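Q: Dropping a structure here in structure tokens format, bear with me for questions.
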Amino acid sequence: AGTNEERELTDGFNLVIDALKLNGIETIYNVPGIPITDLGRMCQAAGLRVLSFRHEQNAGYAASIAGFLTKKPGICLTVSAPGFLNGLTALAHATTNCFPMILISGSSEREIVDLQQGDYEEMDQLAIAKPLCKAAYRVLHAADIGIGLARAIRAAVSGRPGGVYLDLPAKLFGQVMDAEEGKKSLVKVIDPAPAQIPAPDAVKRALDVLKGAKRPLIILGKGAAYAQADDAIRTLVEKSGIPFLPMSMAKGLLPDTHPQCAGAARSTVLKDSDVVLLLGARLNWLLSHGKGKAWGEPHSKKFIQVDIEPKEMDSNVEIAAPLVGDIGSCVEALLGGMGSWTKPSADWTGAVTKKRDENVAKMAPRLMNNNVPMDYHGALGVLRTIVKERPDAMLVNEGANALDLTRGIIDMYKPRKRIDVGTWGVMGIGMGYAIAAAVETGKPVLCIEGDSAFGFSGMEIETICRYQLPVCIVIFNNDGIYRGTDVNPAGNDPATTVFVKGARYDKMMEGFGGIGVNVTSPDELKRAVNEAMDSGKPTLINAVIDPAAGSESGRIGNLNPQSKLKKK
Ligand code: ADP
Ligand code: MG
13 AGTNEERELT DGFNLVIDAL KLNGIETIYN VPGIPITDLG RMCQAAGLRV LSFRHEQNAG
73 YAASIAGFLT KKPGICLTVS APGFLNGLTA LAHATTNCFP MILISGSSER EIVDLQQGDY
133 EEMDQLAIAK PLCKAAYRVL HAADIGIGLA RAIRAAVSGR PGGVYLDLPA KLFGQVMDAE
193 EGKKSLVKVI DPAPAQIPAP DAVKRALDVL KGAKRPLIIL GKGAAYAQAD DAIRTLVEKS
253 GIPFLPMSMA KGLLPDTHPQ CAGAARSTVL KDSDVVLLLG ARLNWLLSHG KGKAWGEPHS
313 KKFIQVDIEP KEMDSNVEIA APLVGDIGSC VEALLGGMGS WTKPSADWTG AVTKKRDENV
373 AKMAPRLMNN NVPMDYHGAL GVLRTIVKER PDAMLVNEGA NALDLTRGII DMYKPRKRID
433 VGTWGVMGIG MGYAIAAAVE TGKPVLCIEG DSAFGFSGME IETICRYQLP VCIVIFNNDG
493 IYRGTDVNPA GNDPATTVFV KGARYDKMME GFGGIGVNVT SPDELKRAVN EAMDSGKPTL
553 INAVIDPAAG SESGRIGNLN PQSKLKKK
């Protein structure tokens with residue numbers, strides 16, 4: 013080529029887009045603004061799906077759950093400083109929950125930020141992100157965009173998945189370079205989450221401990237759901253004959269109605285089991301740290317733990333048989349070594365089944381009530397049937413009582429259909445999760461929301477209406493947090509835990525062109541939800557629940573510190 017010939021150029025904008033596309037990323041959860049407005053527009057023009065939200069935290073939660081559902085990093089795109097900080101909550105949430113996600117934020121001029129000279133939205137974002145995520149990178153040169161994104165993808169999905177921060181300063185987007193050189197600088201990540209095969213010794217040790225059990229139990233966690241090793245896990249559970257307990261987001265990995273499911277006998281199996289196989293579940297607060305009364309102490313228990321993260325072993329109690337590797341490979345290895353297997357005694361499995369059936373029978377009549385005002389059980393009774401009839405639909409769930417009771421009452425039938433508050437028990441995931449669930453799965457979404465929980469992301473109903481997503485939101489409206497009946501003992505302000513009485517959330521939905529319905533009985537609720545799930549039209553159902561229904565903090569009231577002083 014002659015030196016006079018005009019070279020073809022590319023720039024930072026185009027290199028980011030090309031790098032994303034090269035790595036199979038199809039969707040971006042975005043809030044536009046300086047300096048990434050044009051990036052969003054250009055992504056859309058280039059055929060990426062760009063969903064623009066009203067607040068970065070919701071876009072971030074959407075990206076995080078997209079990562080859980082697809083095993084690819086969910087991408088959230090935000091502006092600098094405040095937008096970045098809003099997205100950071102979701103990035104920390106993704107890291108805590110072991111979901112792969114990349115938060116890409118535009119940032120201000122390095123030279124000015126580092127000298128603290130007061131730039132527009134000045135903030136040292138990289139330093140702030142670092143302690144809250146698995147890895148954090150900044151790209152300063154257009155030629156490094158390919159490598160930067162490759163590192164971010166690999167960090168997000170390999171090993172224990174988590175959140176990654178990628179800092180892209182405003183100046184980077186306009187940087188130009190030779191198009192051919194630019195193309196060569198891109199990296200398609202090969203085998204981003206390599207299989208991690210467990211050591212044969214560790215497999216043998218795990219099987220020996222399991223074989224020595226008299227009252228074994230398998231606990232399935234959301235790591236097992238994430239792994240997408242559904243058939244192998246099912247085979248392991250069925251071949252072993254061991255009762256299984258699904259953690260909240262592992263419900264449906266095997267159907268909750270499976271004969272070996274011990275979901276409705278939770279306290280019994282935790283207390284009375286002697287060997288516990290943990291499959292992608294941590295012994296954190298959600299499992300009482302593996303010790304204490306819930307676990308039947310002082311009697312000791314042996315744990316086998318399958319996890320991709322070696323540091324997870326012995327985090328709370330001694331692990332008799334640590335099995336480090338990815339769940340697919342570990343479960344295959346266990347199946348390979350089982351040989352002729354003796355199932356646990358009928359004494360044990362029979363006792364578990366008996367307890368489960370008793371508990372289910374005790375609950376049944378409460379779910380059939382058609383009381384007005386509605387209680388949680390009456391409302392959940394009809395929703396339970398709707399989910400049974402629509403096992404492919406996604407279920408999003410948050411709240412206090414609305415969470416605990418839904419989790420216990422609504423059976424799931426297929427893997428990765430239930431997504432909820434996760435490891436932090438956080439409020440605010442609702443609408444972000446609903447949007448990502450609809451976008452990533454193409455299936456209808458049912459959200460069961462406490463009225464308080466809904467408030468944290470409620471504005472995104474505009475997003476749901478704008479993109480015409482098949483989302484049906486049911487708000488269990490009991491006029492407040494936990495209950496709507498608290499009174500302020502000392503003045504005229506409302507009590508700290510109550511909302512406007514008789515609020516009509518359905519009217520908000522109508523304001524954006526969606527369908528709003530107000531229901532006061534289980535029968536009405538059933539009709540409205542079925543209609544919404546059939547039509548796929550964005551719908552919000554304000555389900556009026558007795559304000560006196562519900563208990564403080566749902567099932568975790570024990571975590572509230574109590575004042576020991578007498579009231580003054
Ligand atoms: P739950 O809340 O459902 O009990 P946790 O989030 O506590 O689940 O635990 C999930 C665990 O699964 C984490 O310790 C994580 O390291 C692990 N994990 C995630 N993905 C995989 C995988 N592909 N293979 C093995 N372990 C995994
Ligand atoms: Mg409430």
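All residue numbers in the sequence shown are consecutive under the working numbering, ending with 580.
The beta-carbon is built from N, C-alpha and C at its ideal position, and this holds for glycine as well.
Predicted, not measured: the structure shown is a model, and the values here were computed from it.
Report the residue from 179, 168, 392, 541 whose alpha carbon sits nearest the alpha carbon of residue 109.
A: The shortest Cα separation from residue 109 among 179, 168, 392, 541 belongs to 168.
Q: For the ligand ADP, is there a heavy atom less than 7 angstroms away from the beta-carbon of residue 278?
A: Incorrect: residue 278 has no Cβ contact closer than 7 angstroms to the ligand ADP.
Q: Measuring CA to CA, which of 208, 290, 173 is closest to residue 228?
A: Cα-wise, what sits closest to residue 228 is 290.
Q: I need the DSSP call for residue 58, collapsed to helix, strand or coil.
A: Three-state result, residue 58: coil.
Q: Would you check whether the ligand NAP has a heavy atom nearer than 7 angstroms to the C-beta of residue 445?
A: Ligands displayed in this structure: the ligand ADP and the ligand MG; the ligand NAP is not among them.
Q: Run the CB neighbour count on residue 269, radius 10 Å, all protein chains shown included, and call it buried at 16 or more, exposed below.
A: Exposed, since its Cβ has fewer than 16 Cβ neighbours within 10 Å.
Q: Could you name the residues of the same chain whose beta carbon sits closer than 6 angstroms to that of residue 335, not counting the 5 residues immediately before and after it, in chain order?
A: So the list reads 210, 214, 218, 318, 342, once near-sequence residues are dropped.
Q: Check whether the segment 472 to 487 and the segment 549 to 563 touch, using three or more Cβ-Cβ pairs below 8 angstroms as the test.
A: At 8 angstroms Cβ cutoff, the stretches touch.
Q: Under the three-state reduction of DSSP, which class applies to residue 221: helix, strand or coil?
A: Residue state, collapsed to three classes: helix.
Q: Cβ of residue 191 within 8 angstroms of Cβ of residue 22?
A: Yes, they are a contact pair.
Q: Let me confirm a value: residue 546 is counted as buried when at least 16 other C-beta atoms fall within 10 Å, else exposed. Which label applies?
A: Exposed, since its Cβ has fewer than 16 Cβ neighbours within 10 Å.
Q: Answer with buried or exposed for residue 413, where buried requires no fewer than 16 other C-beta atoms within 10 angstroms of its C-beta.
A: Residue 413 comes out buried.
Q: Kindly give me the distance between the Cβ atoms of residue 495 and residue 554, rounded to whole angstroms, as I take these residues to be in contact under 8 angstroms.
A: That pair is no contact at about 17 angstroms.
Q: Among 420, 377, 30, 573, which one has its Cα closest to the Cα of residue 200?
A: For residue 200, the nearest C-alpha among the options comes from 30.
Q: How should residue 13 be labelled, buried or exposed, when 16 other C-beta atoms within 10 angstroms of its C-beta is the threshold for buried?
A: Residue confidence for residue 13 is low, a pLDDT of 46 falling below 50, so the modelled location carries little weight; the figure read from the coordinates is stated next. Flag for residue 13 reads exposed.
Q: The ligand MG and residue 442: does any heavy atom of the ligand fall closer than 7 angstroms to the residue's C-beta?
A: Result no, Cβ not under 7 angstroms from the ligand MG.
Q: Given this structure, state the Cα-to-Cα distance separating residue 522 from residue 470, to the nearest angstrom.
A: Residue 522 and residue 470: Cα-Cα distance of roughly 13 angstroms.
Q: Are there any heavy atoms of the ligand MG lying less than 7 angstroms away from the beta-carbon of residue 493, as far as the coordinates show?
A: Under cutoff, so the answer is yes.
Q: Can you give me the Cβ contacts of residue 380 inside the same chain, cut-off strictly under 7 angstroms, excluding the 5 residues immediately before and after it?
A: Excluding residues within five positions, the ones whose Cβ falls inside 7 angstroms are 393.
Q: Whether or not the segment 37 to 46 and the segment 62 to 70 are in contact is what I'm after, with contact meaning three or more pairs of Cβ atoms, one per stretch, closer than 8 angstroms; do they touch?
A: The segment 62 to 70 is in contact with the segment 37 to 46.
Q: Quick one: does the C-beta of residue 260 sit closer than 7 angstroms to a heavy atom of the ligand ADP?
A: Under cutoff, so the answer is yes.
Q: To the nearest angstrom, how far is it from the Cα of residue 284 to the Cα of residue 276?
A: So the alpha carbons of these two residues sit roughly 14 angstroms apart.
Q: So, at 6 angstroms on beta carbons, what are the nonlocal neighbours of residue 296 in its own chain, with the 5 sequence-adjacent residues on each side left out?
A: No residues qualify anywhere along the chain.
Q: Does any residue of chain D bring its CB to less than 8 angstroms from the CB of residue 410?
A: The structure shown contains no chain D; it holds only a single protein chain.
Q: What residue does the beta strand (DSSP E) around residue 11 start on, and which one ends it?
A: Limits of the chain in this structure are 13 at one end and 580 at the other, which puts residue 11 out of reach.
Q: Within the same chain, show all residues whose beta-carbon is closer than 7 angstroms to that of residue 331, passing over the 5 residues directly before and after it, in chain order.
A: Excluding residues within five positions, the ones whose Cβ falls inside 7 angstroms are 315, 317, 325.
Q: Quick check on the burial criterion: 16 or more other C-beta atoms within 10 angstroms. Buried or exposed for residue 352?
A: So residue 352 ends up on the exposed side.
Q: So the candidates are 273, 430, 442; which of them puts its Cα closest to the Cα of residue 363?
A: Closest by alpha carbon: 273.
Q: Ignoring anything shorter than 3 residues, give me the beta strand (DSSP E) runs that lie fully in the segment 294 to 330, in order along the chain.
A: Within the segment 294 to 330, the complete beta strand (DSSP E) runs of at least 3 residues are 314 to 319.
Q: Three or more C-beta pairs closer than 8 angstroms, one from the segment 537 to 546 and one from the segment 365 to 382: is that the case here?
A: As far as the Cβ criterion goes, the segment 537 to 546 does not touch the segment 365 to 382, which means the pair count is below three.
Q: Pull up the DSSP beta-bridge partners for residue 150, would you.
A: Partner(s): 179.
Q: Can the beta-carbon of residue 54 be found closer than 8 angstroms to that of residue 79?
A: Not a contact, by the Cβ cut-off of 8 angstroms.
Q: Sorted by chain position, which residues of the same chain lie with C-beta nearer than 7 angstroms to residue 566's C-beta, five sequence neighbours on each side aside?
A: Excluding sequence neighbours, residue 566 sits near 412, 413, 415, 416.
Q: Could you tell me the distance, in whole angstroms, from the CA atom of residue 206 to the CA atom of residue 244?
A: Each residue's Cα considered, the two are about 18 angstroms apart.
Q: Could you tell me whether the segment 174 to 191 touches the segment 301 to 310, using the rule of 3 or more Cβ pairs below 8 angstroms?
A: No, they do not touch.
Q: Does the Cβ of residue 328 lie closer than 7 angstroms to at least one heavy atom of the ligand ADP?
A: Result no, Cβ not under 7 angstroms from the ligand ADP.
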